[in-house]
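Trainee: Here it is, the structure, as structure tokens.
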Amino acid sequence: MKKFFAIMFGVMIFASSTCSAAISANRFFLGGLTLEKPMSEVNKMYGTASRVEKVGQGTQYFFGDESFCIIEFGDRIVAIHSNDNNEIATPDGVTVGMAEQVISDVYGKPDRLTQQEDGLKNYIYLKSDRKYEELNFFVRENKIVGISLGYNTAK
961 MKKFFAIMFG
971 VMIFASSTCS
981 AAISANRFFL
991 GGLTLEKPMS
1001 EVNKMYGTAS
1011 RVEKVGQGTQ
1021 YFFGDESFCI
1031 IEFGDRIVAI
1041 HSNDNNEIAT
1051 PDGVTVGMAE
1061 QVISDVYGKP
1071 DRLTQQEDGL
1081 KNYIYLKSDR
1091 KYEELNFFVR
1101 ENKIVGISLG
1111 YNTAK
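Okay, here's the thing in structure tokens:
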């Protein structure tokens, strides 16, 4: 599981992007949270993390059965990830476990679509007012297997 989160976070952070289907700010949440919120908001909503570990200069917090995690840096959320059907949803109700087609039906054409050699697809959508923030949907065998919200640091 640790390896899965590391791969998803790496793909999300280092993916380059182009503009086309930007999502409005009011739809840029995952599990009721958005980037840059303080960790106190997370604690109010989800309680104490089941596991905590350092990742670089930040900290990764795992919740519940560890299928939901948040990475913080300087007490601010920099990434949110869900990799199981754990009721963590986007404001539009998209969750892990749904069919791949739901992504395009709800969000339209992605700003970028990538596919790894192992078949994992990544639908990348940019935030309309902050193009360096991304909403990512990871798909394998026509099912959503992960959803991440984070920063695109590629230049």
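Numbering (this note's numbering), first residue to last: 961 to 1115. Virtual Cβ for every residue (Gly too), placed ideally from N, Cα, C.
#1: Residue range of the alpha helix (DSSP H) that N1082 falls in?
#2: Please name the residue, chosen from E1093, I1104 and V1054, that lies closest to I1037 on a Cα-to-Cα basis.
#3: S1042 bridges to which residues according to DSSP?
#4: Is S1064 near the ligand ADP, judged by its Cβ being under 7 Å from some heavy atom?
#5: Helix, strand or coil, according to DSSP, for V1054 in the structure here?
#6: Is D1025 near P998, with beta carbons less than 8 Å apart?
#7: Reducing DSSP to helix, strand and coil, say where E1060 ends up.
#8: Confirm, please, whether the CB-CB distance from I1040 to L990 is below 8 Å.
#9: Does the region 1039-1053 come close enough to the region 1012-1031 that 3 or more CB-CB pairs lie under 8 Å?
#10: Compare the Cα-Cα distances from V1066 to each of T994, K1091, E1001 and V1054 and report the closest residue.
#11: Quick one: what's got a C-beta closer than 6 Å to A982's C-beta in the same chain, skipping five residues either side?
#12: Helix, strand or coil: how does DSSP classify E996 here?
#13: What are the start and end residues of the beta strand (DSSP E) that includes F1022?
#14: Quick check on the DSSP output: the beta strand (DSSP E) that includes N1096 runs from which residue to which?
#15: Please classify M1058: is it buried, with 16 or more other beta-carbons within 10 angstroms of its beta-carbon, or exposed?
#16: So if DSSP puts T1074 in a beta bridge, which residue, or which two residues, is it bridged to?
Mentor: By the coordinates alone:
#1: Judged by DSSP secondary structure, N1082 falls outside any alpha helix (DSSP H) and instead within the beta strand (DSSP E) spanning K1081 to K1087.
#2: Per the Cα distances, E1093.
#3: DSSP, once it has assigned bridges, lists F1028 and I1107 as partnering S1042.
#4: The ligand ADP is absent from the structure shown, which contains no ligand whatsoever.
#5: Coil at V1054, not helix or strand.
#6: The Cβ-Cβ distance between D1025 and P998 does not fall below 8 Å.
#7: For E1060, the secondary structure class from DSSP, reduced to helix, strand or coil, is coil.
#8: Contact flag set, yes.
#9: A contact is defined here as three or more CB-CB pairs under 8 Å, and the region 1012-1031 meets this definition with respect to the region 1039-1053.
#10: Comparing Cα positions, the closest option is V1054.
#11: Only L1086 and S1088 meet the Cβ criterion.
#12: Per DSSP, reduced to three states, the secondary structure at E996 is coil, with no helix or strand assignment.
#13: Note, F1022: beta strand (DSSP E), G1018 to F1023.
#14: Per DSSP, the unbroken beta strand (DSSP E) holding N1096 starts and ends at R1090 to R1100.
#15: Buried, since its Cβ has 16 or more Cβ neighbours within 10 Å.
#16: Residue pairing from DSSP places T1074 in a beta bridge opposite N1082.
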